[in-house]
Amino acid sequence: MATACSTPRWLQRVLLLLLSAGTVHARQTCIPVNTTIQLERADCQECTAVNTTTCAGHCITWDLNSPLEFLLPATAPNNHVCTYGRVSYRRALLRGCPRGSDPALLYPVAEECRCSACDWRTTDCTDRSLEPGYCRGGGGGGRMV
């Protein structure tokens, strides 16, 4: 039997969730990782493989599916992905480009990564994207730069 001073069980669960979110945040593993990607351009004959860093890891996500989302904004869904925090760009020269065209292409290098909402303008937010080693054109695996 509940007394006038006791906290309802559902509120205890919400408070526990909110408190644990702060401690779990420190255990997220969203970090730059070494990877090889294929660079290509429609007017060039070959793919070029380069070593770079991309963001990978786990970000805490939750959705209570509760009417509380409207009453307590802190319980709203948190659908974060591991994405770029700070990016630099490097230059690679593609082979097999037409004479007179600039064979240079810039590619991203993850300097820092963070968990945040996915920005559809700069990030592939799908769960089934092309692999970083995928190459549409000729050249197969590409040469390493």
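As numbered in mature numbering (1 follows the signal peptide of the UniProt record, and there is no 0), residues -26 to -1, 1 to 119 make up the sequence shown, in order. Just so it is clear, CB atoms sit at the ideal spot from N, CA and C, and this is done for glycine as well. None of the values given here were measured: they were computed from a predicted structure.
Which of helix, strand or coil does DSSP assign to residue i?
{"i": "arginine -18", "result": "helix"}
{"i": "threonine 97", "result": "coil"}
{"i": "cysteine 33", "result": "coil"}
{"i": "valine -3", "result": "Only weak support is given to the placement of valine -3: the predicted model assigns it a pLDDT of 48, under 50, and the question is left unresolved by the model."}
{"i": "serine 90", "result": "strand"}
{"i": "proline 77", "result": "coil"}
So residue i packs on residue j, CB below 8 Å; how close in whole Å?
{"i": "arginine 60", "j": "glutamate 85", "result": "4 Å"}
Is the beta carbon of residue j closer than 7 Å to that of residue i?
{"i": "arginine 69", "j": "glutamate 20", "result": "yes"}
{"i": "cysteine 33", "j": "cysteine 87", "result": "no"}
{"i": "alanine 91", "j": "leucine 79", "result": "no"}
In terms of alpha-carbon separation, which member of the options lies closest to residue i?
{"i": "valine 83", "options": "Pro(-19), Asp17, Ser90 and Cys29", "result": "Cys29"}
{"i": "threonine 26", "options": "Asn8, Leu13 and Asn53", "result": "Asn8"}
{"i": "cysteine 18", "options": "Asp98, Pro77 and Thr35", "result": "Pro77"}
{"i": "histidine 54", "options": "Leu80, Asp93 and Pro72", "result": "Asp93"}
{"i": "proline 72", "options": "Arg15, Thr97 and Thr35", "result": "Arg15"}
{"i": "threonine 96", "options": "Gly74, Tyr58 and Ser62", "result": "Tyr58"}
{"i": "proline 6", "options": "Cys56, Ala23 and Asp98", "result": "Cys56"}
{"i": "residue 166", "options": "Ile11, Cys89 and Gly74", "result": "Here the chain comprises residues numbered -26 to 119, so residue 166 is not present and cannot be evaluated."}
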